[in-house]
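S.K.:
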């Protein structure tokens, strides 16, 4: 497979291989000169139709540390504003010469559709409420790095908050369960997906009942920009029931960790300064994001792709 | 599959290489052994153990270098699972003994030399290999050789502590 679109398409073995590759890239990032010539001459285009800070910069950095050239593209400063279609945009960039497109779009399925128009490798950097596979890879790596071992077997992970609108949650749930963790999703019914048939998770509506039993508390961002109707009565009430505050942080199990994909809504789901809790891995996630994206870029452009899941 | 080198021969060669390394580097600081991932790392470790037996407290360190990201055939062949580099000291001014199992085209050594540069500028780099099978494609020669084995370019050579085996393809 020359694309990286969806965690569902990736076998457990390939996932573990990507985690091992991420560890290797992390070692490169700790070197005095964190740059290798592996992808010299390759061109990576980051095509973001939706705003982003960390994912875009992270891919940019990852590509540069592998010596690829980066073509930046932001929809807000492009001919998209003159009415150019996604397809024409992709074909135009490809005519200039691109080996991999890193694509983010507010609609699910756009990166998969682009594979039909382009011969380049397509990497999904987040599509609507569908998938964010590199986030799942960096999250799995961050957890494995902290707890040790080959996979996540035996760990209890609670994903808290706006699961309904979250592509991070969808990718994370697939990755974490493939790697052997037990996942509970926690949130008000209005913020859980209406149809969860086939989701390998437990569901809970009370944050307080999982807080002392989880090895990982994964806080999701309340996605106010995607909410077209009233999903929560008020932000205060949401923070009361599902926000991570000091008292909840204190009740966490010894040795457990807090994660968040960013950007954080302080005072909503994060009611405590992560700098004040010793077990926050939120910035570690950002650091590891570069290594994880280097692993994906190298697998696709330098190592012949990722084997497809036949199981 | 033909055995060209027994387990005992491997031990003997490693011990001989250790003596040669000491002789060659008698004056000057202790060299740093760096095994090329993944085949060279156990040999570097074995040479280090042999050196410790000959002379304890020799101050010789042992590390590993992954040359995978510096290869010139990236994208042309499947890449093996990743390995990490671990370099115990700043290599600036050090004498480095690069260690690998088989010397063939010389391309891995070239990549490893380039990867080493990122850890400093060594005073000099010497190359130790257990097997030199010929067919060089680059101007690279070893300083210490366990055994020269004539092969066809298509042969497959496998090396472990159990010995060296050649399989015709």
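Protein chains in written order, with the working numbering: chain A, 1 to 311; chain B, 1 to 169. Ideal Cβ placement from N, Cα and C applies to all residues, glycine included.
(1) List, from N- to C-terminal side, the alpha helix (DSSP H) runs of 4 residues or more that fit wholly inside the stretch 84 to 151 of chain A.
(2) Suppose contacts are defined by Cβ-Cβ distances below 8 Å. Is residue 39 of chain A in contact with residue 304 of chain A by that definition?
(3) Span of the beta strand (DSSP E) holding residue 299 of chain A?
(4) Using a C-beta cutoff of 8 Å, does residue 81 of chain A count as contacting chain B?
(5) Which residues in the same chain as residue 223 of chain A place their Cβ atom closer than 6 Å to its Cβ, once the five residues preceding and following it in sequence are excluded?
(6) Report the residues of the stretch 27 to 43 of chain A with a CB closer than 9 Å to any CB of chain B, ordered along the chain.
(7) For residue 128 of chain B, name the three-state secondary structure that DSSP assigns.
(8) Need the endpoints of the alpha helix (DSSP H) that residue 143 of chain B sits in, please.
(9) Among B:17, B:43, B:30, which one has its Cα closest to the Cα of residue 160 of chain B?
(10) Evaluate the contact criterion for the stretch 15 to 25 of chain A versus the stretch 134 to 143 of chain A: three or more CB pairs, one atom per stretch, below 8 Å.
(11) Determine, using beta carbons only, whether residue 75 of chain A comes closer than 8 Å to chain B.
(12) Could you confirm whether any beta carbon from chain A is found closer than 8 Å to the beta carbon of residue 74 of chain B?
(13) Can you say whether residue 72 of chain B is buried or exposed, counting buried as having 16 or more other CB atoms within 10 angstroms of its CB?
(14) Which residue's Cα is closest to the Cα of residue 261 of chain A: A:250, A:249, A:274?
(15) Assign residue 257 of chain A to one of three DSSP states: helix, strand, or coil.
(16) For a contact defined as C-beta to C-beta under 8 Å, what are the partners of residue 15 of chain A on chain B?
(17) With a Cβ-Cβ cutoff of 8 Å, do residue 190 of chain A and residue 160 of chain A count as a contact?
(18) Using a C-beta cutoff of 8 Å, does residue 84 of chain B count as contacting chain A?
(19) What I want to know is whether the C-beta of residue 80 of chain A ends up closer than 7 Å to one or more non-hydrogen atoms of the ligand PLP.
(20) From residue 150 of chain B to residue 10 of chain B, what does the alpha carbon distance come to, in whole angstroms?
(21) Taking a cut of 8 Å between CB atoms, which residues from the stretch 89 to 119 of chain B lie near chain A?
(22) Compare the Cα-Cα distances from residue 103 of chain B to each of B:87, B:77, B:132, B:92 and report the closest residue.
(23) List, in order along the chain, the chain B residues whose C-beta lies closer than 7 Å to that of residue 243 of chain A?
(24) With a cut-off of 8 Å on the beta carbons, I'd call residue 101 of chain B and residue 138 of chain B a contact; round off their distance for me.
(25) Answer yes if the stretch 45 to 60 of chain A comes into contact with the stretch 88 to 95 of chain B, meaning at least three C-beta pairs across the two stretches below 8 Å, and no otherwise.
(26) Quick check on the DSSP output: the alpha helix (DSSP H) that includes residue 41 of chain B runs from which residue to which?
(27) On a CA-only basis, which of B:105, B:110, B:146 is nearest residue 8 of chain B? Give me that one, please.
(28) Taking only beta-carbon atoms, is residue 249 of chain B less than 8 Å away from chain A?
(29) So which residues of chain B does residue 149 of chain A contact, with C-beta pairs closer than 7 Å?
(30) According to DSSP, is residue 98 of chain B part of a helix, a strand, or is it coil?
(31) Does the structure place the stretch 287 to 297 of chain A close enough to the stretch 20 to 37 of chain A that three or more beta carbon pairs sit under 8 Å?
(32) Is residue 51 of chain B near residue 21 of chain B, with beta carbons less than 8 Å apart?
(33) Ends of the beta strand (DSSP E) at residue 5 of chain B?
(34) Per DSSP, what kind of secondary structure is residue 58 of chain A in: helix, strand or coil?
(35) In whole angstroms, what is the alpha-carbon distance linking residue 165 of chain B and residue 15 of chain B?
(36) Any Cβ of chain A within less than 8 Å of the Cβ of residue 143 of chain B?
M.R.: Working from what's here:
(1) List check, alpha helix (DSSP H) in window: 86 to 96, 110 to 114, 133 to 147.
(2) Not in contact: residue 39 of chain A and residue 304 of chain A (Cβ atoms no closer than 8 Å).
(3) Not the beta strand (DSSP E): residue 299 of chain A falls in the alpha helix (DSSP H), residues 282 to 301.
(4) So, not an interface residue.
(5) Correct list, in chain order: 162, 165.
(6) In summary, the residues of the stretch 27 to 43 of chain A whose CB is separated from some CB of chain B by less than 9 Å are 27, 28, 31, 32, 33, 34, 35, 36, 37, 38, 39, 40, 42, in the order they occur in the chain.
(7) DSSP places residue 128 of chain B in strand when its eight states are reduced to three.
(8) If you look at residue 143 of chain B, you'll find it isn't in any alpha helix (DSSP H); DSSP assigns it neither H nor E.
(9) Measuring from the Cα of residue 160 of chain B, the nearest candidate turns out to be B:43.
(10) Touching, yes.
(11) By the rule that beta-carbons nearer than 8 Å mark a contact, residue 75 of chain A does not touch chain B.
(12) Contact with chain A is found for residue 74 of chain B, since one of that chain's Cβ atoms lies less than 8 Å from the residue's Cβ.
(13) A residue is called buried when at least 16 other Cβ atoms come within 10 angstroms of its Cβ; residue 72 of chain B does not meet this threshold and is exposed.
(14) It is A:274 whose Cα lies nearest to the Cα of residue 261 of chain A.
(15) Reduced to three states, the DSSP call for residue 257 of chain A is strand.
(16) Correct list: empty, because the minimum Cβ distance to chain B is about 13 Å.
(17) No, Cβ-Cβ distance for residue 190 of chain A and residue 160 of chain A is not below 8 Å.
(18) The Cβ of residue 84 of chain B sits closer than 8 Å to at least one Cβ of chain A.
(19) Among the components modelled here there is no ligand, and therefore nothing to report on the ligand PLP.
(20) The C-alpha of residue 150 of chain B lies about 17 Å from the C-alpha of residue 10 of chain B.
(21) Answer set for the stretch 89 to 119 of chain B: 114, 115, 118, 119.
(22) Considering only alpha carbons, the answer is B:132.
(23) Simply none; closest approach about 39 Å.
(24) No, residue 101 of chain B and residue 138 of chain B are not in contact; Cβ-Cβ is about 18 Å, not under 8 Å.
(25) In short, these stretches do not touch, since the Cβ pair count stays below three.
(26) Counting along the chain, the alpha helix (DSSP H) containing residue 41 of chain B begins and ends at 41 to 54.
(27) Residue B:146 holds the alpha-carbon nearest to the alpha-carbon of residue 8 of chain B among B:105, B:110, B:146.
(28) Outside the displayed range of chain B (1 to 169) lies residue 249 of chain B, so it cannot be described from this structure.
(29) Correct list: empty, because the minimum Cβ distance to chain B is about 17 Å.
(30) In this structure, residue 98 of chain B counts as strand in the three-state DSSP scheme.
(31) The stretch 20 to 37 of chain A and the stretch 287 to 297 of chain A touch, with no fewer than 3 CB-CB distances between them shorter than 8 Å.
(32) Their beta carbons are under 8 Å apart, which means residue 51 of chain B touches residue 21 of chain B by this criterion.
(33) Unbroken beta strand (DSSP E) run through residue 5 of chain B: 2 to 6.
(34) Reduced to three states, the DSSP call for residue 58 of chain A is helix.
(35) For residue 165 of chain B and residue 15 of chain B, the distance between alpha carbons rounds to 20 Å.
(36) Taking Cβ atoms only, chain A never reaches closer than 8 Å to residue 143 of chain B, which makes this a no.
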